[in-house]
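Below you'll find the structure, written out as structure tokens, and then a few comments.
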Amino acid sequence: MQTRKRYSKEFKQDAVSLVLEQSHSLAEAARDPGPNTNILCRWVQEYNKDDGQAFKGNGWLFPEQEEIRKLKTQVKRLEREKDIL
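Residue numbers for the sequence shown, in our numbering: 13 to 97.
Pasting the structure below:
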């Protein structure tokens, strides 16, 4: 059984950028070693729908990115606690 291939947030943003900003077709942007055109089309739709905030939880994160995400969550929680006091 083949494992599902996962793409990082940066990879997805670069692929979407090829289509939206550099006017490549979906087929051109999906050429090797990238995803197929259906997946790329879904990424473009998600990017347009979320106004650039797409791919929040999709793909794997580098350890540094995961730590930044945790720290941002902690900062928000601490700010809420401070506001309560």
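Virtual Cβ for every residue (Gly too), placed ideally from N, Cα, C.
Would DSSP call residue i helix, strand or coil?
i, result
"residue 67", "coil"
"residue 90", "helix"
"residue 16", "coil"
What span of residues does the alpha helix (DSSP H) with residue i cover, start to end?
i, result
"residue 25", "21–32"
"residue 97", "Unbroken run through residue 97: none, as it is neither H nor E."
"residue 49", "49–61"
"residue 168", "Only positions 13 to 97 of the chain appear in the structure, and residue 168 is not among them; the question remains open."
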